[in-house]
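See below for the structure under consideration.
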Amino acid sequence: MAKLFASAIVGALAMGNAAASSSQTNPLQMSPLLKPLATHHNHPPSIPQARKDQEQQQQQQSRTQKQGHPQRVLRDAVAPEGCPGTAYLWKITDDNAENKHVGFAFGTMHLPVDIVTTEAAYDSVMEAISDSCDVYGELNMNNRNVSTAVQSCLQEISANAATPNDLPSEELRNAIRAKLVSIAADVPGEGNENGALAETYADRWMGLALKEVVDLIMYANTPVYREKYLPSFISGVGTLPQDTHLMALGRPGGDLEEVSTQCELLKPSYPSVEDVTQNADLYSASIAESLDVSFTETIDLYTCGDIDAFVTQFDAGMSAAGFDSNVLLDQRNIQMAEAINDILNASSDERILFAVGLSHWIIGPQNLQILLKEYGYSMEHVPNW
Numbered sequence: 009m010a011k012l013f014a015s016a017i018v019g020a021l022a023m024g025n026a027a028a029s030s031s032q033t034n035p036l037q038m039s040p041l042l043k044p045l046a047t048h049h050n051h052p053p054s055i056p057q058a059r060k061d062q063e064q065q066q067q068q069q070s071r072t073q074k075q076g077h078p079q080r081v082l083r084d085a086v087a088p089e090g091c092p093g094t095a096y097l098w099k100i101t102d103d104n105a106e107n108k109h110v111g112f113a114f115g116t117m118h119l120p121v122d123i124v125t126t127e128a129a130y131d132s133v134m135e136a137i138s139d140s141c142d143v144y145g146e147l148n149m150n151n152r153n154v155s156t157a158v159q160s161c162l163q164e165i166s167a168n169a170a171t172p173n174d175l176p177s178e179e180l181r182n183a184i185r186a187k188l189v190s191i192a193a194d195v196p197g198e199g200n201e202n203g204a205l206a207e208t209y210a211d212r213w214m215g216l217a218l219k220e221v222v223d224l225i226m227y228a229n230t231p232v233y234r235e236k237y238l239p240s241f242i243s244g245v246g247t248l249p250q251d252t253h254l255m256a257l258g259r260p261g262g263d264l265e266e267v268s269t270q271c272e273l274l275k276p277s278y279p280s281v282e283d284v285t286q287n288a289d290l291y292s293a294s295i296a297e298s299l300d301v302s303f304t305e306t307i308d309l310y311t312c313g314d315i316d317a318f319v320t321q322f323d324a325g326m327s328a329a330g331f332d333s334n335v336l337l338d339q340r341n342i343q344m345a346e347a348i349n350d351i352l353n354a355s356s357d358e359r360i361l362f363a364v365g366l367s368h369w370i371i372g373p374q375n376l377q378i379l380l381k382e383y384g385y386s387m388e389h390v391p392n393w
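Residue numbers (our numbering): 9 to 393.
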């Protein structure tokens, strides 16, 4: 049960980029934990236009990168006081080829690139991309076949998922709906003056899977996100997640995981009506607590750029959320390390950049740094490349 409403830090940095990268910043479609597309539900009519806008943005990125000038974005993120605010970037060298520089490793966060990437970090990773050829990530959501497979997976998972309307507690249902009404009332947009459509949108949101609703609320509770993307709560128009943006700059981009791997990881986060009914007290307590949770501390921790602080906080989040690191990280790391080794062995003199959730590089006894060392590669932290 702990996996449904995991701590923000675990979700945003370890749960996988599957649904995150296939959508924009509409919380009906993208959560930093799971980013469900929820296509079986009724969405506002502007969503198809948002899809067109996203495709146009990706096409522009493709045209720009072919000209040799990767498209840049505005970096609004500011590191907390006393933090370096630099990139989680490493240089990869081949121990068996006289320490030849063969690529880069970058630790990502599954949230919009412009609110989690400081100017210093962005400039550094952009330089690394310029010094590389391909950019690989967990899943390349810029690939239509991959994004279609992810959507199919999410539709299947969410089809029988419980919604807030299925919760046994009337008091909790009312509390969730009141929270959603207050969020919708503040969303600017035609027809929603003075919150005229707040009740309508709250009713729609109450029909989404519990996980989607919890993530929507966590977004709304996050000032840096709410200030910039509140209109996207209805319009669906926003920007690409950090992972997708960086992978679009590769020439080309590619995957380190299979869709099925992340699909299986998502399933426990969509409980059925039977699940929430049989474990009503546990779910109710977790959901009630989530009404006041935000991603602010997670974003601050990431933008800080302090690796030691990140490891400490992430380990605490893993413990509190009750996650099995073997499932969440270790087994996936073993598969990704093998894939990275194969890619590097197949490359010639071109460097490769690997953009993967930060936790995979530095957390646990089977993190990617340790596993790649076994393949004969060393990693050197280069935050200011």
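A virtual CB, placed ideally from N, CA and C, is assigned to each residue, including glycine.
Collapsing the DSSP output to three states places Pro279 in coil.
In the structure shown, Ser367 falls within a helical segment according to DSSP collapsed to helix, strand and coil. Using a Cβ distance threshold of 8 Å, Ala228 and Ile191 count as a contacting pair. Rounded to the nearest angstrom, the Cβ distance from Gly313 to Ala193 is 37 Å, too far for a contact under 8 Å. In the three-state reduction of the DSSP assignment, Val267 falls in the helix class. Annotated three-state conformation of His118 is coil, per DSSP.
Where Asp102 is concerned, the enclosing beta strand (DSSP E) starts and stops at Leu97 to Asp102. In the DSSP assignment, Ser386 forms a beta bridge with Thr101. In the pairwise beta carbon analysis, the segment 310-327 is classified as not touching the segment 339-358: fewer than three pairs are separated by under 8 Å.
Taking C-alpha positions only, Asp300 is separated from Glu382 by approximately 43 Å. Between the alpha carbons of Asn153 and Arg340 lies a distance of about 21 Å. His109 counts as exposed, since fewer than 16 other beta carbons sit within 10 angstroms of its beta carbon. Rounded to the nearest whole angstrom, the CA to CA distance from Asn200 to Arg185 is 17 Å. Only buried fits Glu146, as 16 or more other CB atoms lie within 10 angstroms of its CB. In this structure, the alpha-carbon of Asn375 lies about 13 Å from that of Asp323. Non-local C-beta neighbours of Gly111 in its own chain, meaning closer than 7 Å and more than five positions away in sequence, comprise Ile100, Ser140, Leu352, Arg359, Ile360, Leu361 and Phe362, ordered along the chain. If you look at Val195, you'll find it isn't in any alpha helix (DSSP H); DSSP assigns it neither H nor E. Annotation: the continuous alpha helix (DSSP H) that includes Val222 extends over Leu218 to Ala228. Annotation for Val154: the continuous alpha helix (DSSP H) segment containing it runs Arg152 to Ser166.
Around the beta-carbon of Gly384, fewer than 16 other beta-carbon atoms lie within 10 Å, marking it exposed. Bridge partners of Ala169 according to DSSP: Ser280. Here Gly325 carries a helix assignment [DSSP, helix/strand/coil]. Comparing alpha-carbon positions, the option among Lys236, Ser355, Phe318 and Gly203 lying closest to Pro120 turns out to be Lys236. Fewer than three pairs of CB atoms, one per stretch, sit closer than 8 Å, so the segment 277-286 makes no contact with the segment 86-101. Under the three-state reduction of DSSP output, Phe303 falls in the coil class, being neither helix nor strand. A direct Cα-Cα distance of roughly 49 Å separates Glu178 from Val133.
Counting the other CB atoms within 10 Å of its CB gives Thr156 a total below 16, which places it among the exposed residues.
DSSP places Val143 in the uninterrupted beta strand (DSSP E) bounded by Val143 to Gly145. Contact between Met214 and Pro172 is confirmed by a C-beta separation of about 5 Å, below the 8 Å threshold.
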